[in-house]
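Presented below is the structure to which this report refers.
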Amino acid sequence: MKACPVIAIDGPSGSGKGTIAGILAARLDFSLLDSGALYRAVGITVHKSRIEISNTKQIIEIINNMDVCFQYNDVGRIFVDGEDLTTLIRSELGGQMASKVAVLPEVRGALLDKQLAFRAGPGLVADGRDMGTVVFPDAELKIFLNANVQERAQRRYNQLIGKGIDATLPDLLRDLKERDRRDTERPVSPLRPGKGAVIIDSTDLTIQEVVDQVLTLFSTVASRPY
Numbered sequence: 109m110k111a112c113p114v115i116a117i118d119g120p121s122g123s124g125k126g127t128i129a130g131i132l133a134a135r136l137d138f139s140l141l142d143s144g145a146l147y148r149a150v151g152i153t154v155h156k157s158r159i160e161i162s163n164t165k166q167i168i169e170i171i172n173n174m175d176v177c178f179q180y181n182d183v184g185r186i187f188v189d190g191e192d193l194t195t196l197i198r199s200e201l202g203g204q205m206a207s208k209v210a211v212l213p214e215v216r217g218a219l220l221d222k223q224l225a226f227r228a229g230p231g232l233v234a235d236g237r238d239m240g241t242v243v244f245p246d247a248e249l250k251i252f253l254n255a256n257v258q259e260r261a262q263r264r265y266n267q268l269i270g271k272g273i274d275a276t277l278p279d280l281l282r283d284l285k286e287r288d289r290r291d292t293e294r295p296v297s298p299l300r301p302g303k304g305a306v307i308i309d310s311t312d313l314t315i316q317e318v319v320d321q322v323l324t325l326f327s328t329v330a331s332r333p334y
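Under this note's numbering, residue 334 is the last one in the sequence shown; the count climbs by one each step, no gaps.
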């Protein structure tokens, strides 16, 4: 019997892949994997445990023992060992710590096994930057979700201001451009569409329009036996 189906959604920061993945998982009653949040969860746990980044052995032990759960009910939430760490993981510290652990090959290897373990019936929606290229190259449906960088910066600005967090559009635009450069040029798992991925430009689309497109695409493979 074939493994349960996976919808892999990759794309740059601010493209809306996290929101889309959460809605799809809720709609299909599938499990959800937010790989970016998983890296942030590891980084925050390392920080809270006062472990040096150079101590890869202890970091891998943390990865192997931590229990991470993703939930989506209007908004996405992340639980680590039963504790809701959503706000902390989404903080600037969470991003900084994720960047530090993500460059360690041993850590990426351990997290690959962790991500693969999320694949369970009836199905999985996984979002990130290498879901369709590295983690789930055999995914039944691969989506590469994009939007122009100005629109992505505006979305992030609106999101932060809506949460009462100070932000400036020029700074966000600069940061996104730099992150795009790092993600696409990094030697390990660079950001790019997976083989056979469907590219969706969400610049002028609503969230519902993107969800509808993905559901229509998935309907063409959902009837296969698993």
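Glycine included, each C-beta is placed from N, C-alpha and C at the ideal position.
Since we're looking at a predicted model, the values are computed, not measured.
Answer yes or no: do Asp235 and Leu141 have a C-beta to C-beta separation smaller than 9 angstroms? Yes, Cβ-Cβ distance for Asp235 and Leu141 is below 9 angstroms.
Straight-line gap, Val257 to Ile308 (C-alpha atoms, nearest Å): For Val257 and Ile308, the distance between alpha carbons rounds to 14 angstroms.
In the structure shown, what three-state DSSP assignment does Ser139 receive? Ser139: strand per DSSP, three-state reduction.
Is it true that the region 234 to 249 meets the region 114 to 125, where meeting means three or more beta-carbon pairs spaced less than 8 angstroms apart? Counting C-beta pairs closer than 8 angstroms gives three or more between the region 234 to 249 and the region 114 to 125, which meets the contact rule.
Do Ala275 and Ile269 have their CB atoms nearer than 9 angstroms? Yes, the pair counts as a contact, with Cβ atoms nearer than the cut-off.
Asp238 classed as buried or exposed, judged by whether at least 16 other C-beta atoms fall within 10 angstroms: Asp238 comes out buried.
CA-CA distance, Val209 and Val318? Between the C-alpha atoms of Val209 and Val318 there is a straight-line separation of about 32 angstroms.
Cβ-Cβ distance between Ile171 and Ile159 below 9 angstroms: In terms of Cβ geometry, Ile171 and Ile159 do not form a close pair [threshold 9 angstroms].
Any idea what DSSP makes of Gly302, helix, strand or coil? It is coil, neither helix nor strand.
In its own chain, which residues sit with a C-beta less than 7 angstroms from the C-beta of Gln321, not counting the 5 before and 5 after it? Answer for Gln321: Ile308, listed in chain order.
Taking Val176 as part of the beta strand (DSSP E), name the residues at either end of that continuous run. Counting along the chain, the beta strand (DSSP E) containing Val176 begins and ends at Val176 to Asn181.
Can the beta-carbon of Lys271 be found closer than 9 angstroms to that of Leu146? No, the pair does not count as a contact, with Cβ atoms beyond the cut-off.
Could you give the distance in angstroms between the alpha-carbon of Leu277 and the alpha-carbon of Gly126? Taking the straight line from one Cα to the other gives about 21 angstroms.
Identify the continuous beta strand (DSSP E) that holds Ala116 and give its terminal residues. The continuous beta strand (DSSP E) containing Ala116 extends over residues Val114 to Asp118.
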